[in-house]
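**Q** The letter at position 18 of the sequence shown is residue 179 when you use this note's numbering, and the numbering goes up by one with no holes. For glycine and all other residues, C-beta sits at the position ideal for the given N, C-alpha and C. Pasting in a structure now, in structure tokens, and then I'll have a few things to ask.
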Amino acid sequence: ALEFLAPITTPAALRSVQADPSPLITTILVLIGLSLEGGLIAWIHFATKHPDAKPK
Numbered sequence: 162a163l164e165f166l167a168p169i170t171t172p173a174a175l176r177s178v179q180a181d182p183s184p185l186i187t188t189i190l191v192l193i194g195l196s197l198e199g200g201l202i203a204w205i206h207f208a209t210k211h212p213d214a215k216p217k
């Protein structure tokens with residue numbers, strides 16, 4: 162199921178991921194979550210900044 166990783170991993174690493182894919186799945190989900198959180202933070206920042214505020 163995870164053969165698409167073969168070009169970028171060693172055979173031992175691929176066997177390890179195929180035996181227990183939970184660390185890889187957790188890492189991917191954490192990266193997606195952090196990206197969504199960063200996007201939300203950026204959206205809140207731009208939605209709430211004051212257009213008339215002058216830089217000092």
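#1: Please state the DSSP three-state secondary structure of alanine 203.
#2: Would leucine 185 pass as a contact of valine 191 if the rule is Cβ separation under 8 Å?
#3: Residue range of the alpha helix (DSSP H) that proline 172 falls in?
**A** Answer, in terms of the structure:
#1: In the three-state DSSP reduction, alanine 203 falls in the helix class (H, G or I).
#2: Not a contact, by the Cβ cut-off of 8 Å.
#3: Where proline 172 is concerned, the enclosing alpha helix (DSSP H) stretches over 172-180.
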